[in-house]
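Presented below is the structure to which this report refers.
Numbering (our numbering), first residue to last: 1 to 381.
Listed below in structure tokens is the structure:
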């Protein structure tokens, strides 16, 4: 009786080969344009339009959705308004709905335009004629790797960039706008008892701020779930835009509580940026303290006098609070990396936030030059 060898291994079950699973999760595929998961806790974030500002949100690398930012500014300048315009322009380019309180349709003409490198460049295709000629086995292996890399590059190009580059010297063109700007102008004249606000969907009952919240809540309920809404309030409570009736402390507190409630209710697709002139409303006043308490992040732009010793720095950037991870209070703290920050305004680059350092006093040499001169003297024979 002959022995017939079999090529099967005993005890090992044959399983059909399956394709590797797609590493992309369904949550990432359902994210709207311009929304990314936070590297800290995975919550969705958006860009403020200023790349240097996105780095100072406690490791989120962007503004978490469902939160608000209060930008305070001293003096009569409008650096905070630049941040608000960049925030609105970023939303319009990404296809978001931008709600502006206090201004009309003419505010769109002040938005910065896309820079020449505002969009991500197209991937460079490799030229096979310039590739190195190697053995046919390695050439086949190289082709397989290159095809995989091309597929990954194609998938990356489908994603909308999180932050675009804008130029203050240009104006945002209509061809670059994919979203919608919804203005809510206010008047400096107090409305009479019988007539209310005459524009948009603002309700004539109550104050103008409560009417804005009603219109905003209706827009959030009727819009599709995939639309991200950005709320902008430049120069909040400024006498040049708001009547004395709108600046009453009771109305301001009701407005901030209502806005905070809308942000929490629609936390997956809303964010807000408010700028406040603290030269008119100092931080020691009660209304400003309440605004800071009801805001998730508070930044201050302290404008410096133009002096030669400050170089190109135009002011100091102070961080008073950051968005927390949860309502119990745990979250990032402002460490040494967030101290001694300054800002300067550049036309092509916008507002740049960086570490503040004083230049050497005139007539004194820096430490590098002094040490270099000492070493040169020691080397002399």
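Where a beta carbon is used, it is the ideal one built from N, C-alpha and C, also for glycine.
Every value quoted in this text rests on a predicted model; they were computed, and no experiment measured them.
ask   = Thinking C-alpha only, which one of 253, 50, 78 is nearest residue 387?
value = In the structure as shown, the chain starts at 1 and stops at 381, and residue 387 therefore has no counterpart that could be examined.
ask   = By how many angstroms is the C-alpha of residue 81 removed from the C-alpha of residue 234?
value = Along the chain shown, one-based indexing puts residue 234 at 234. Along the chain shown, one-based indexing puts residue 81 at 81. C-alpha separation (whole angstroms): 6 angstroms.
task = Tell me where the alpha helix (DSSP H) around residue 288 begins and ends.
result = If you number the chain shown from 1, residue 288 lands on position 288. First-last of the alpha helix (DSSP H) with residue 288: 286–293.
task = Throw me the rounded Cβ distance for the residue 100 and residue 184 pair, which I believe falls under 8 angstroms.
result = Taking the first residue of the chain shown as position 1, residue 100 is located at position 100. Taking the first residue of the chain shown as position 1, residue 184 is located at position 184. Yes, residue 100 and residue 184 are in contact; Cβ-Cβ is about 7 angstroms, under 8 angstroms.
ask   = Quick one: what's got a C-beta closer than 7 angstroms to residue 55's C-beta in the same chain, skipping five residues either side?
value = For the purposes of this step, residue 55 is taken as the residue at position 55 of the chain shown. Cβ within range, chain order: 61.
task = Specify, as a first and last residue, the run of the beta strand (DSSP E) that residue 73 falls within.
result = Position 73 of the chain shown holds residue 73. Residues 68–73.
ask   = In chain order, what residues of the same chain lie with their CB nearer than 7 angstroms to the CB of residue 207, ignoring the 5 residues before and after it?
value = Walking along the chain shown from the start, residue 207 turns up at place 207. Once the five neighbours on either side are set aside, the close Cβ partners of residue 207 are 245, 246, 251.
ask   = To the nearest angstrom, how far is it from the Cα of residue 43 to the Cα of residue 209?
value = The residue you call residue 43 lines up with position 43 of the chain shown. The residue you call residue 209 lines up with position 209 of the chain shown. Distance between the alpha carbons of residue 43 and residue 209 is about 29 angstroms.
inquiry  = So if DSSP puts residue 297 in a beta bridge, which residue, or which two residues, is it bridged to?
reply    = Taking the first residue of the chain shown as 1, we reach residue 297 at position 297. Beta-bridge pairing links residue 297 to 69.
task = Enumerate in chain order the residues of its own chain whose CB-to-CB distance from residue 280 is below 8 angstroms, with the five nearest sequence positions on each side excluded.
result = For this step, residue 280 is matched to residue 280 along the chain shown. The residues are 237, 238, 239.
request  = Look up residue 178 in the DSSP assignment and say whether it is helix, strand or coil.
outcome  = The residue labelled residue 178 in the question sits at position 178 within the chain shown. Three-state result, residue 178: coil.
query = Just the Cα atoms here: how many angstroms apart are residue 217 and residue 88?
reply = Mapped onto the chain shown, residue 217 falls at position 217. Mapped onto the chain shown, residue 88 falls at position 88. Looking at the two C-alpha atoms, the distance is approximately 19 angstroms.
ask   = Which residues does DSSP pair with residue 350 in a beta bridge?
value = Residue mapping note: residue 350 aligns to position 350 of the chain shown, counting from 1. Looking at the DSSP assignment, residue 350 forms a beta bridge with 346.
task = Please report how far the alpha carbon of residue 343 lies from the alpha carbon of residue 76, in whole angstroms.
result = On the chain shown, residue 343 is found 343 positions in, with the first residue counted as 1. On the chain shown, residue 76 is found 76 positions in, with the first residue counted as 1. Approximately 16 angstroms, taken between the alpha carbons.
message = With distance defined between alpha-carbon atoms, name the residue in 221, 34, 345 nearest to residue 317.
response = For the purposes of this step, residue 317 is taken as the residue at position 317 of the chain shown. Per the Cα distances, 345.
request  = Check whether the Cβ atoms of residue 79 and residue 303 sit closer than 8 angstroms, and answer yes or no.
outcome  = Here residue 79 corresponds to residue number 79 of the chain shown, with the count starting at 1. Here residue 303 corresponds to residue number 303 of the chain shown, with the count starting at 1. Yes, the pair counts as a contact, with Cβ atoms nearer than the cut-off.
task = Could I get the ranges of all uninterrupted beta strand (DSSP E) runs contained in the segment 209–271, with 3 residues as the minimum, in chain order?
result = 229–233
key: Beta-carbon spacing of residue 95, residue 179 below 8 angstroms   = Residue 95 sits at position 95 when you count from the first residue of the chain shown. Residue 179 sits at position 179 when you count from the first residue of the chain shown. Yes, Cβ-Cβ distance for residue 95 and residue 179 is below 8 angstroms.
request  = Work out the CA separation of residue 271 and residue 63 for me, nearest whole Å.
outcome  = By one-based count along the chain shown, residue 63 stands at place 63. By one-based count along the chain shown, residue 271 stands at place 271. Taking the straight line joining both Cα atoms gives about 8 angstroms.
ask   = Roughly how many angstroms separate the alpha carbons of residue 41 and residue 339, rounded to a whole number?
value = For this step, residue 41 is matched to residue 41 along the chain shown. For this step, residue 339 is matched to residue 339 along the chain shown. Spanning the two alpha carbons is a distance of roughly 24 angstroms.
key: Beta-carbon proximity of residue 288 to residue 278, cut-off 8 angstroms   = Mapped onto the chain shown, residue 288 falls at position 288. Mapped onto the chain shown, residue 278 falls at position 278. Result yes, Cβ atoms of residue 288 and residue 278 sit closer than 8 angstroms.
key: Below-8 angstroms beta-carbon distance, residue 276 vs any chain D residue   = The structure shown contains no chain D; it holds only a single protein chain.
ask   = For residue 348, which residues of its own chain have a beta-carbon under 6 angstroms away from its beta-carbon, when the five flanking residues on both sides are left out?
value = As a working mapping, residue 348 is identified with position 348 in the chain shown. Only 167 meet the Cβ criterion.
ask   = Which partner residues of residue 44 appear in the DSSP bridge assignment?
value = In the chain shown, residue 44 corresponds to position 44, counting from 1. DSSP lists 37 as partners of residue 44.
task = Determine the direct distance from the alpha carbon of residue 161 to that of residue 313, and round the result to whole angstroms.
result = Along the chain shown, read from residue 1 onward, the residue named residue 313 stands at position 313. Along the chain shown, read from residue 1 onward, the residue named residue 161 stands at position 161. C-alpha separation (whole angstroms): 29 angstroms.
ask   = At what residues does the alpha helix (DSSP H) containing residue 186 begin and finish?
value = The residue you call residue 186 lines up with position 186 of the chain shown. Segment: none, residue 186 is in no alpha helix (DSSP H) and carries neither H nor E.
ask   = Measuring CA to CA, which of 294, 242, 219, 301 is closest to residue 256?
value = As a working note, residue 256 is residue 256 in the chain shown. It is 294 whose Cα lies nearest to the Cα of residue 256.
Span separating the alpha-carbon of residue 93 from that of residue 47 = Locating residue 93 in the chain shown gives position 93, counting from the first residue. Locating residue 47 in the chain shown gives position 47, counting from the first residue. Cα-Cα distance, rounded: 12 angstroms.
request  = Quick one: give me the first and last residue of the beta strand (DSSP E) that residue 166 is part of.
outcome  = As a position in the chain shown, residue 166 is number 166, starting the count at 1. Note, residue 166: beta strand (DSSP E), 166–171.
task = Ignore the nearest five residues each way along the sequence and tell me which others in residue 110's own chain have a CB closer than 7 angstroms to its CB.
result = As a first step, residue 110 must be located in the chain shown, where it is residue number 110. For residue 110, where only same-chain residues beyond five positions count, the Cβ hits under 7 angstroms are 85.
inquiry  = Rounded to whole angstroms, what is the Cα-Cα separation between residue 248 and residue 69?
reply    = Residue 248 sits at position 248 when you count from the first residue of the chain shown. Residue 69 sits at position 69 when you count from the first residue of the chain shown. If you take the alpha carbons of residue 248 and residue 69, they lie about 21 angstroms apart.
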